[in-house]
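Just remember that the numbering used here sits 1151 ahead of the position in the sequence shown, which is counted from 1.
We treat Cβ as the ideally placed atom computed from N, Cα and C, and that holds for glycine.
Remember, it's a predicted structure, so these values are computed and weren't measured experimentally.
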Amino acid sequence: MGKSIFIKGEHIIMSKSLKNIKGTQDILFDDNNIWQYLESHIHQFLNKYGFSQIRTPIFENTNLFSRSIGTQTDIVSKEMYSWTDQGGNNLTLKPEVTASVVRAYIQHNLGKKYPINKLYYIDTLFRRERPQKGRYRQFNQFGVEAIGSEHPEQDAEIIALAYNFYKSLNIENLTLKINSIGSEEVRNKYKLELKKYLIPYKDKLSTLSQKRLDTNPLRILDTKIDFEIEIIKNAPHIIDFLNKEDKDHFSKVLSLLDSLSIKYDIDHKLVRGLDYYCRTVFEIQSSKLGSQDALCGGGRYDYLVEELGGKPTPAIGFAAGIERLILSLNKKELSIFKRPNIYIINTEEKYLETSFEITESLRNNNLTVINDTLRRSLKSQMKDANRLKALYTIIIGEDEIKNNKVTIKDMDKGTQSYVSFDKINSYFLKKQ
Ligand code: HAM
1152 MGKSIFIKGE HIIMSKSLKN IKGTQDILFD DNNIWQYLES HIHQFLNKYG
1202 FSQIRTPIFE NTNLFSRSIG TQTDIVSKEM YSWTDQGGNN LTLKPEVTAS
1252 VVRAYIQHNL GKKYPINKLY YIDTLFRRER PQKGRYRQFN QFGVEAIGSE
1302 HPEQDAEIIA LAYNFYKSLN IENLTLKINS IGSEEVRNKY KLELKKYLIP
1352 YKDKLSTLSQ KRLDTNPLRI LDTKIDFEIE IIKNAPHIID FLNKEDKDHF
1402 SKVLSLLDSL SIKYDIDHKL VRGLDYYCRT VFEIQSSKLG SQDALCGGGR
1452 YDYLVEELGG KPTPAIGFAA GIERLILSLN KKELSIFKRP NIYIINTEEK
1502 YLETSFEITE SLRNNNLTVI NDTLRRSLKS QMKDANRLKA LYTIIIGEDE
1552 IKNNKVTIKD MDKGTQSYVS FDKINSYFLK KQ
């Protein structure tokens, strides 16, 4: 514990060093350039597909998530940041967005407004996972949800969108994994068969998988432990339990992906960690990511709208981790460096009004203009302009004020011009 102090009679304990919470990150300086670039790329890209943005609150009633994601899932059973507020409401910081989108879809009767709702989001989420590279407790996703179509072309559109998104950023070494997990009835039948297959190996399984054998046997297929991978190699495949409609749906999705020349691996072990899925599930992985290799994941959730109180409405979507996207980018793409257009060098306090006026009128012309608020010397302001790699500096000093002119220095060429106050804007506009 740190030292204690009194402020206005209040006893306050200061911790020695206040640090950000484990699994969260501060994003500083130029690192934000890549975030801003990606966010605007996401908006542009998804608008091209005709998706419109939805923003939902950062917290919701806890039961929204337990009812949709499932009480036996890792997220609901141990990862949610939940609390009871002063009014006795059980609340949770969103661990994912699909449940909130479906809640909003039902609440605002969106299905009545449009037969198909294609929505997207960029959001900050919270899961109390064990932090490691690519896995955080506060992280960001963008995602899409198409609510209203049961047809396989909707699946293919969503999967192609996800795949093309990564291609649009030149991300290499992508693997698209796809599977079909059918309806609930199919899954229940399959769970029994899988359990039957695994029971003889029960003693060899990890403690977690032994527990899952009773609670959620499908998740054992997700294992990353070598000896368990070996055990499930010969486990039955869910695809063999699908009914005719599920099978036809899946083969149409695959043939549409073929027609777009999108390569995929059918992965019999892919079941996804959230309970609301049915039929098509998919993930895109990058070999650059290490153990947390899923760039994005999603699938169909045809029963969720009804389960949360709406009319039966089919839907499909996916979400993509933005931190993992950044980890998979090439170094070249990461070094987006923005150079300010102009650095205003003011040499005297008494010229502040003039320098403020010039600064604002340049900003009104969409130029990035930096000014000094530390009253530094001309030399140190020039040094700062160099550090920031400003394209131009404008010097406002005694001579300049006397003659109603400023000195403009081209920082790359080293040349100087003397420009009257009323011509400063047109000088820069000509350069654009
Ligand atoms: P999810 O697989 O839980 O699915 O998350 C989607 C993506 O979010 C992951 O593939 C990963 O890139 C990123 N992600 C998840 N957890 C973390 C974490 N702790 N740290 C960093 N990144 C993370 C869903 O969230 C579903 N709502 C997707 C969906 C939308 N399904 C249908 N519609």
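DSSP places R1278 outside any alpha helix (DSSP H), giving it a letter other than H or E.
Closest in alpha carbon position to R1370, among Q1361, F1378, D1377, is Q1361.
Residue burial is scored here from C-beta neighbours: Q1532 has at least 16 other C-beta atoms within 10 angstroms and is therefore classed as buried. Taking the C-beta atoms as reference points, V1253 is found no nearer than 8 angstroms to L1425. Note on geometry: alpha-carbon atoms of L1349 and I1332 lie some 19 angstroms from one another. Membership of V1404 in the alpha helix (DSSP H) is indicated by the continuous run 1395–1410. Between F1579 and L1513, the C-beta spacing is below 8 angstroms. Looking at the DSSP output, Y1569 sits in a beta bridge with T1558. The Cβ atoms of T1544 and I1496 sit closer than 8 angstroms to each other. When distances are taken from the beta-carbon of Y1452 to the heavy atoms of the ligand HAM, the shortest one is below 7 angstroms. In this structure, F1293 lies near I1473, with their beta-carbon atoms less than 8 angstroms apart. Apart from sequence neighbours up to five positions away, the residues of its chain that approach K1489 with a beta-carbon distance below 7 angstroms are N1184, ordered along the chain. Taking the CA atoms as reference points, K1199 sits about 45 angstroms from I1382. Not one heavy atom of the ligand HAM sits closer than 7 angstroms to the Cβ of F1202. Here DSSP, grouped into helix, strand and coil, assigns G1460 to coil. S1410 is the residue among K1347, E1336, S1410 whose C-alpha sits nearest the C-alpha of I1310. Y1341 is positioned such that its CB atom lies no closer than 8 angstroms to that of F1277. Under the three-state reduction of DSSP output, E1211 falls in the strand class. Around the C-beta of R1206, fewer than 16 other C-beta atoms lie within 10 Å, and the residue is accordingly described as exposed. Pairing W1186 with I1178 gives a Cβ-Cβ distance under 8 angstroms. With distances taken between CA atoms, I1273 lies nearest to E1190 out of E1190, N1339, R1430. Segment contact: the stretch 1235–1255 against the stretch 1439–1447, fewer than three CB-CB distances shorter than 8 angstroms; contact not assigned.
Comparing alpha carbon positions, the residue from L1405, M1562, F1572 closest to K1556 is F1572. In the three-state reduction of the DSSP assignment, N1516 falls in the coil class. The secondary-structure analysis by DSSP pairs K1173 with nothing; it has no beta-bridge partner.
Its Cα nearest to that of G1174, the residue E1280 stands out among I1559, A1313, E1280. R1363 sits in a helix when the DSSP states are folded into three classes. I1380 and N1517 have their C-alpha atoms some 57 angstroms from each other. With the rule of 3 Cβ pairs closer than 8 angstroms, the stretch 1477–1489 does not count as touching the stretch 1299–1313. With fewer than 16 other Cβ atoms inside 10 Å of its own Cβ, K1284 counts as exposed. Scanning N1324, K1414, E1549 for the CA closest to the CA of E1500 turns up E1549.
Going by DSSP, N1481 is part of no alpha helix (DSSP H) at all; its letter is neither H nor E. According to the DSSP assignment, K1328 belongs to the beta strand (DSSP E) that extends over 1325–1331. Taking 8 angstroms as the cut-off, the Cβ atoms of Y1352 and I1435 do not count as close.
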